[in-house]
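I have placed the structure first, in the form of structure tokens, so that the comments after it can refer back to it.
Number of protein chains: 2
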Amino acid sequence: MKRFLAVVHVLGFTMALFATTMFVPMVWSVILEDGQLMLFIQSFAIALLIGVVMWLGTLAYRAELRPRDGFLLVSMVWSFLPLLGTIPLLLYFNGNGMHLSFTDAYFESMSGLTATGGTLLSNVDEMAPSVNLWRFTMHWVGGMGIIVLAVAILPLLGVGGHQVFRAETPGPMKEEKLTPRIASTAKALYAIYFGLSIVCFLAYRAAGMSWFDAWCQMASTVALGGFSTHDSSFAYFDSPLIEAICIVFMLLSGINFATHFKAFQQGGIRAYSRCPEAIPFVATVLGMGVLIGLYLWVTDVYQDPLTALRYAVFNTVSIATTAGFANTDYEQWPLIAPLLMILLGMFSTSSGSTGGGIKMIRVLMLIKQTRQEMIGILHPHAVTPVLLKGRLIPGKVLTSVLAFMLLYGLSIAVLVALMLLSGAEPRTAFTAIIACLNNIGPGLGDVGPSSNYLSLNDFQIWLCSFAMMIGRLELFTVLVLFTSGFWRK
Amino acid sequence: MKRFLAVVHVLGFTMALFATTMFVPMVWSVILEDGQLMLFIQSFAIALLIGVVMWLGTLAYRAELRPRDGFLLVSMVWSFLPLLGTIPLLLYFNGNGMHLSFTDAYFESMSGLTATGGTLLSNVDEMAPSVNLWRFTMHWVGGMGIIVLAVAILPLLGVGGHQVFRAETPGPMKEEKLTPRIASTAKALYAIYFGLSIVCFLAYRAAGMSWFDAWCQMASTVALGGFSTHDSSFAYFDSPLIEAICIVFMLLSGINFATHFKAFQQGGIRAYSRCPEAIPFVATVLGMGVLIGLYLWVTDVYQDPLTALRYAVFNTVSIATTAGFANTDYEQWPLIAPLLMILLGMFSTSSGSTGGGIKMIRVLMLIKQTRQEMIGILHPHAVTPVLLKGRLIPGKVLTSVLAFMLLYGLSIAVLVALMLLSGAEPRTAFTAIIACLNNIGPGLGDVGPSSNYLSLNDFQIWLCSFAMMIGRLELFTVLVLFTSGFWRK
Ligand SMILES: [K+]
Ligand SMILES: [K+]
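Protein chains in written order, with the working numbering: chain A, 354 to 842; chain B, 354 to 842.
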């Protein structure tokens with residue numbers, strides 16, 4: 354109980370800190386004069402109060418956290434911040450005669466903070482801009498949290514793919530205090546994230562978006578979130594230039610931010626070719642985009658090859674990087690196309706990026722291991738170590754991938770079964786869970802690109818919220834809390 | 354080339370041997386006086402001729418096979434025997450004014466020999482009994498081959514789950530000649546298989562089936578094949594007693610035959626509790642059957658709880674053991690039920706049984722590994738070996754499971770993509786491939802329990818035939834042939 358309260362202490366501080374991000378919509382509300390300043394001041398006050406009470410109420414239990422407490426902290430942060438995120442949404446909608454349930458608001462906030470981008474709202478074009486912008490602020494803040502989580506926190510907890518492979522966290526390190534290492538790594542990564550955000554923002558503006566649209570779409574792009582200021586997503590802009598900018602920044606955001614940092618430090622692009630994931634990721638995603646473009650042209654979905662390429666590449670990159678934008682209703686294409694896009698969304702993004710899913714590093718390890726297995730079968734006496742970029746992958750890391758894959762498959766099976774049991778139509782059940790667990794956003798069927806999550810019932814919405822959270826925290830971080838071993842002394 | 358011809362030499366002999374199994378339908382043709390004796394004599398002559406020519410033509414290249422040649426041999430046996438299997442079918446149908454294409458006949462034979470049980474034929478009730486019986490003969494012979502393959506041949510090739518775990522094939526052993534070990538193991542297993550078959554046959558007869566029906570259904574049951582002498586499968590008999598017998602023998606056939614042999618040797622049932630798979634397999638399958646029964650009763654699909662239990666348990670055991678019989682159109686149930694049944698079909702049968710799929714042993718290793726991973730995350734310095742029934746599972750075996758799972762997932766993805774590209778409706782595409790790759794038989798949609806594979810086009814039928822073969826040979830055996838390493842000197 355003492356340790357739990359020590360975790361709550363840090364959680365309270367994090368929540369108070371998160372409350373301050375409401376200054377962003379406040380500023381925009383003033384700029385745009387949309388009359389929501391008061392709403393955000395109220396929201397801020399409530400959120401801050403909750404955080405501070407939790408923080409002060411547990412001051413007596415303040416203690417240095419052990420790595421093991423990290424699981425609880427991270428899981429609680431990702432469950433409690435969305436609670437605060439609901440405040441402005443609930444105040445706005447229910448205060449303006451539009452009903453928004455707590456379930457729906459929590460889903461929307463979770464979708465924001467996990468950068469999933471599945472939405473329950475329609476007519477977002479008519480929303481008060483600053484309230485709409487709050488959703489994007491959650492994306493952007495969430496994206497920041499995701500990177501630090503993946504590159505600095507999860508490795509300390511012994512969860513994740515890339516970090517373990519790089520073995521840059523030697524054993525004893527894990528026993529050290531959490532803070533110093535996180536702080537220094539985080540600073541470097543924040544700098545990259547900021548830089549990318551600014552360039553993306555200006556590029557969108559230069560390509561013709563309004564300042565407001567550019568800001569929001571920037572947040573959604575670099576976090577690989579997927580919310581849009583328009584119900585019709587990128588189809589609203591109908592601009593190949595804007596789409597090209599989006600593609601570039603989605604790809605950049607799908608690369609490990611530690612790799613960006615190294616490239617920046619070294620002042621060259623060699624870091625990318627040395628990174629095991631960057632090139633396979635970009636090549637897979639773009640290659641599939643081009644293939645689908647050819648397919649859509651050959652099958653006469655689009656008569657013009659360039660048009661086919663434009664729509665195929667944009668939507669493929671968007672789903673494969675787990676951003677989740679759309680510039681057309683790609684569910685109208687032959688089903689194989691969206692299915693392949695979603696399949697890539699499950700597998701292709703890099704660890705340490707803002708993308709979701711299994712991550713390219715695990716896929717590469719699986720492929721290498723399978724190749725070695727084939728060789729081992731043919732040459733039973735040969736020693737066949739598994740190498741990635743010339744570095745040996747320890748057997749322990751391979752077996753941890755195995756465990757991850759089982760949990761991943763099991764999570765999908767259980768969640769889909771619950772969706773079906775609660776009455777969802779099969780296409781919706783499968784793709785909603787996959788879209789949420791991999792933090793993609795749109796699925797197919799009732800949760801497809803031309804639709805949203807509104808048709809799901811409350812139980813299903815909670816399932817999806819849960820899927821987003823465990824997916825974002827790479828399963829182990831949350832699921833370890835459900836083991837008796839965790840709660841034993 | 355020399356080695357290839359040495360393999361063809363053994364293949365020819367195997368084919369000639371297989372031709373002699375046509376004596377079975379010959380005898381039944383005489384008993385039942387259905388006038389097909391001549392057809393089988395012709396078929397036998399053709400098949401024998403092909404086999405003998407291949408055997409004699411390569412006599413000069415006769416050589417002791419290396420383990421590595423086993424991959425080619427096994428893959429070729431399972432592709433060429435179905436060729437011979439088509440002869441009686443083609444002669445019968447095309448000789449009696451009913452068109453049967455080679456593609457369809459090959460599918461039917463492959464489905465027979467891999468004990469998959471998906472069929473392209475309808476009106477089987479009206480077929481000449483001995484020709485119908487030929488399909489069951491293929492099931493029975495196939496089942497025999499499968500057991501020997503799994504328990505004696507694949508371990509020598511370093512493929513498969515159970516054998517590697519038991520480590521009863523020490524390294525140097527692999528270099529030994531193939532023949533002696535196979536011969537002794539095979540004899541023991543054949544004895545068990547024969548014994549099980551005779552008891553099953555008599556039980557069916559005693560429960561009211563005709564001698565002919567009992568014979569055919571026996572072959573289909575012990576091989577976990579799924580062909581039936583009636584279009585309506587077990588619904589034709591409408592007998593709880595017959596269904597109960599079927600359940601018992603499906604469960605027995607889903608247990609490792611080496612375990613049966615040990616139990617027989619020791620004259621007790623301790624071998625089953627020592628076997629890592631037997632109890633989890635039976636418990637999972639029966640448990641799910643009861644759960645689905647409860648669900649069907651609660652959701653009012655059946656008003657009577659016993660009726661619900663009867664249909665649920667029979668069909669669940671049938672699909673989960675990969676037999677593939679049906680006594681009702683379970684696709685009319687809420688979709689979650691057939692999906693869970695198919696999911697078990699992918700995972701639950703034992704290695705060394707006649708069942709298909711991933712096999713319980715791999716699943717157990719995955720689960721154990723995941724548990725250890727959780728413990729390892731909580732206690733980074735603890736040594737966490739993975740144990741199964743008190744025996745250490747080497748890391749090498751775990752990583753080979755990892756490779757298997759990747760190949761399995763990849764095979765499904767590629768084959769489903771090809772099904773969709775060739776125009777199959779999604780439910781059909783997914784379940785046809787899963788039903789074939791796991792040697793279950795019926796899927797859902799166009800290939801569901803009330804339908805058959807007839808609606809697929811030729812390309813799709815070939816895909817399904819391929820899926821049945823690679824699934825039956827545990828993927829590696831066939832797929833290793835597609836590596837350049839295999840063909841290098
Ligand atoms: K997303
Ligand atoms: K079967």
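The beta-carbon is built from N, C-alpha and C at its ideal position, and this holds for glycine as well.
Next item on the list: Pull every residue with its beta-carbon under 6 Å away from any heavy atom of ligand 2, and keep them in chain order.
Entry: Here the residues come out as B/468, B/469, B/470, B/577, B/578, B/579, B/675, B/676, B/677, B/792, B/793, B/794.
Next item on the list: Tell me whether residue 840 of chain A is buried or exposed, calling it buried when 16 or more other Cβ atoms sit within 10 Å of its Cβ.
Entry: exposed
Item checked: Segment contact, 8 Å Cβ cut-off, at least three pairs: the segment 578-588 of chain A with the segment 489-500 of chain A -> Contact between the segment 578-588 of chain A and the segment 489-500 of chain A is present, because at least three Cβ pairs lie under 8 Å.
Check: Nearest-angstrom Cα distance between residue 712 of chain A and residue 428 of chain B?
Finding: 34 Å
Next item on the list: Kindly say whether residue 726 of chain A, judged by its beta-carbon, lies nearer than 8 Å to any beta-carbon of chain B.
Entry: yes
Next item on the list: Output the distance between the C-alpha atoms of residue 587 of chain A and residue 674 of chain A, rounded to the nearest integer angstrom.
Entry: 16 Å
Margin query: Taking the beta carbon of residue 708 of chain A as the centre, do at least 16 other beta carbons fall within 10 Å, making it buried, or is it exposed?
Written below: buried
Margin query: Using only CA atoms, which one of A/465, A/482, A/364, A/450 lies nearest to residue 384 of chain A?
Written below: For residue 384 of chain A, the closest C-alpha among the options A/465, A/482, A/364, A/450 is that of A/482.
Item checked: residue 745 of chain B - partner residues in DSSP beta bridges -> B/740
Notebook entry, point to check: For residue 397 of chain B, which residues from the same chain have a beta carbon less than 6 Å from its beta carbon, with the 5 sequence-adjacent residues on both sides left out?
Noted result: Hits under 6 Å: 372, 375.
Checklist line | Straight-line gap, residue 599 of chain B to residue 831 of chain A (C-alpha atoms, nearest Å) | finding: 43 Å
Note to self: Run through chain A and tell me which residues come within less than 7 Å of residue 754 of chain B, C-beta to C-beta.
What the structure shows: 755
Next item on the list: Could you check which residue in A/667, A/575, A/788, A/835 has the C-alpha nearest to that of residue 555 of chain A?
Entry: A/575
Next item on the list: Measure the alpha-carbon distance for residue 531 of chain B versus residue 537 of chain B and round it to whole angstroms.
Entry: Because the pLDDT at residue 531 of chain B is just 41, under 50, the model does not fix this residue reliably, and the point stays unresolved.
Item checked: Below-8 Å beta-carbon distance, residue 786 of chain B vs any chain A residue -> no
Next item on the list: Compare the Cα-Cα distances from residue 438 of chain B to each of B/408, B/409, B/403, B/732 and report the closest residue.
Entry: B/403
Next item on the list: Give the straight-line distance between the Cα atoms of residue 354 of chain B and residue 819 of chain B, rounded to the nearest whole angstrom.
Entry: 25 Å
Notebook entry, point to check: Using a beta-carbon distance cut-off of less than 9 Å, what residues from the segment 815-827 of chain A approach chain B?
Noted result: none
Next item on the list: Measure the alpha-carbon distance for residue 475 of chain A versus residue 786 of chain B and round it to whole angstroms.
Entry: Going by C-alpha positions, residue 475 of chain A is about 38 Å away from residue 786 of chain B.
Notebook entry, point to check: For a contact meaning CB atoms closer than 7 Å, what does residue 570 of chain B contact in chain A?
Noted result: Result: empty, since nearest Cβ-Cβ is about 32 Å, beyond 7 Å.
Next item on the list: Please work out which residues of its chain come closer than 6 Å, Cβ to Cβ, to residue 526 of chain A, disregarding the five sequence neighbours upstream and downstream, and give them in chain order.
Entry: With a pLDDT of only 34 at residue 526 of chain A, under 50, the local geometry of the prediction cannot be trusted, and no value is derived from it.
Check: Does any C-beta atom of chain A lie closer than 8 Å to the C-beta of residue 839 of chain B?
Finding: yes
Margin query: Below 7 Å on C-beta distance, what does residue 854 of chain B contact in chain A?
Written below: This structure cannot speak to residue 854 of chain B, because chain B is shown only from 354 to 842.
Note to self: So with CB distances below 7 Å, who are the chain A contacts of residue 433 of chain B?
What the structure shows: The contacting residues do not exist; residue 433 of chain B stays about 22 Å from chain A at best.
Check: Using the rule of at least 16 other Cβ atoms within 10 Å of the residue's Cβ for burial, across every protein chain shown, is residue 684 of chain B buried or exposed?
Finding: By the neighbour-count rule (16 or more Cβ atoms within 10 Å), residue 684 of chain B is buried.
Next item on the list: Compute the distance between the beta-carbons of residue 444 of chain B and residue 392 of chain B, then report whether it is under 8 Å.
Entry: yes
Check: Around the Cβ of residue 603 of chain A, are there at least 16 other Cβ atoms within 10 angstroms (buried) or fewer (exposed)?
Finding: Classification of residue 603 of chain A: buried, given that the 10 Å Cβ count is 16 or more.
Check: Exposed or buried, what is residue 744 of chain B when buried is set at 16 or more other beta-carbons lying within 10 Å of its beta-carbon?
Finding: exposed
Next item on the list: Identify each residue in the segment 654-685 of chain B for which the Cβ-Cβ distance to at least one residue of chain A is less than 8 Å, and report them in chain order.
Entry: none
Check: Under a Cβ-count criterion, where at least 16 other Cβ atoms within 10 Å of its own Cβ denotes burial, should residue 757 of chain A be classed as buried or exposed?
Finding: buried
Note to self: If you reduce the DSSP assignment to three classes, tell me which class residue 828 of chain A lands in.
What the structure shows: coil
Item checked: Best match in B/710, B/796, B/798, B/747 for proximity to residue 764 of chain B [C-alpha to C-alpha] -> B/710
Checklist line | Proximity test, Cβ basis, 8 Å: residue 560 of chain B and chain A | finding: Closer than 8 Å: no.
Margin query: For a quick check, are the C-beta atoms of residue 688 of chain B and residue 770 of chain A less than 8 Å apart?
Written below: no
Next item on the list: Could you tell me which of B/510, B/426, B/480 sits nearest to residue 728 of chain A, measuring between CA atoms?
Entry: B/510
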